[in-house]
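Residue numbers (this note's numbering): 8 to 136.
Structure follows, in structure tokens:
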């Protein structure tokens, strides 16, 4: 079961990362001013769209390289990854933080960082794999 401290640990080891408050004071991690992972409380409209009465735990938003990667994550593990109509056409996924394994979280955070980091900075970090 992952926590916000786990997200922080994985995000802040990457170069150029800053933790900043996002909308409503929630946590957000940016690389050179571009957000790559963030706390994403579900809005009433999100809950309605999902057919949920309440948020089932902490939700992480994460950038992904492209819409194909998003679809692969959603198809691969619907218990961990999900989306809402708000994110239609946007290369990002939502994550049930308490359902993702730490090694998978580390990979997701790193890939999100690569999706947003400037190329010159990204070249300084070996790609996982």
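No residue lacks a Cβ here, since even glycine has one placed at the ideal position from N, Cα and C.
In this text the structure is predicted, and so the values were computed from the model without any measurement.
Residue span of the beta strand (DSSP E) that contains residue 70, given as start and end: Per DSSP, the continuous beta strand (DSSP E) segment holding residue 70 begins and ends at 66–70.
Per-residue DSSP class, three states only, for residue 20: Here residue 20 sits in coil by DSSP.
First and last residue of the uninterrupted beta strand (DSSP E) at residue 46: Run containing residue 46: 41–46, per the beta strand (DSSP E) assignment.
Residue span of the alpha helix (DSSP H) that contains residue 113, given as start and end: For residue 113, the enclosing alpha helix (DSSP H) covers residues 109–123.
Proximity below 7 Å, CB of residue 26 to CB of residue 11: Contact annotation: residue 26 and residue 11 have beta-carbon atoms that are not nearer than 7 Å.
Candidates 119, 104, 95: closest to residue 88 by CA position: Comparing Cα-Cα distances from residue 88 to each of 119, 104, 95, the minimum goes to 104.
Alpha-carbon to alpha-carbon, residue 120 and residue 113: Looking at the two C-alpha atoms, the distance is approximately 11 Å.
Straight-line gap, residue 42 to residue 123 (C-alpha atoms, nearest Å): Approximately 7 Å, taken between the alpha carbons.
CB contact flag (residue 45, residue 75, <7 Å): Going by C-beta atoms, residue 45 is not nearer than 7 Å to residue 75.
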